[in-house]
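For the sequence shown, the tail end lands on 203 under my numbering, and the numbers increase by one without skipping.
Quick reminder that beta carbons are idealized off the backbone N, C-alpha and C, glycines included.
Please read these numbers as outputs of a predicted model, since none were measured by experiment.
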Amino acid sequence: MLLTTQFAEDEIAPRVCGCDFCLKHRPNWFSDRTGQLAVNYAVEPTRYRFGSETADFLICPRCGVVVAAICKSDGKTIGVFNLNCLEAHQDWPAQAQDVNYDGEELQNRVERRAANWMPVSLKAIS
């Protein structure tokens with residue numbers, strides 16, 4: 078994986094989602110709409126879709142870690158990245174923000190993602 082962001086390390090504030098899925102997996106979500114996430118894989122990630130069925134959660138088939146959540150917006154793939162996947166996993170200087178999108182209207186969800194999630198490329202490697 079390659080995460081490109083204009084945020085300095087001390088500016089990164091992960092988001093901790095309060096949905097049932099995220100409470101079980103504890104991802105620290107991050108996105109930079111001006112950045113880029115490249116997910117290169119030898120074994121295709123498992124896709125899990127639940128709730129509103131508007132996003133796919135990419136799960137590593139080898140270790141079971143949730144890597145990212147992605148969806149389509151205007152024909153492009155966008156998403157958020159789980160900072161826990163970084164080898165240099167750490168406690169981030171900025172406090173994680175608790176978020177809960179339960180009850181969010183579908184159109185609002187789609188618009189929020191389009192405004193905040195980053196471009197994502199998925200590529201199989203051999």
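- Counting along the chain, no beta strand (DSSP E) covers Phe127, and no H or E run does either.
- Judged by their CB atoms, Val197 and Arg92 are not nearer to each other than the 8 Å cut-off.
- Look at the beta carbons and you see the stretch 79 to 89 not touching the stretch 121 to 130: under three pairs across the two are nearer than 8 Å.
- With a cut-off of 8 Å on Cβ pairs, the stretch 101 to 111 is in contact with the stretch 146 to 164, counting three or more such pairs.
- In the displayed model, Asp151 falls within coil according to three-state DSSP, outside both helix and strand.
- The residue among Ile136, Leu80, Ala115 with its C-alpha nearest the C-alpha of Tyr125 is Ile136.
- Assigned with DSSP and collapsed to three states, Ala191 falls in helix.
- Around the beta carbon of Arg189, fewer than 16 other beta carbons sit within 10 angstroms, so the residue counts as exposed.
- CA-CA distance, Asp133 to Leu100, rounds to 17 Å.
- His102 and Gly95 have their C-alpha atoms roughly 11 Å apart.
- Where Asp97 is concerned, the enclosing alpha helix (DSSP H) starts and stops at 97 to 102.
- In the three-state DSSP reduction, Leu114 falls in the strand class (E or B).
- Scanning Thr111, Asp97, Cys148, Gln174 for the CA closest to the CA of Leu199 turns up Cys148.
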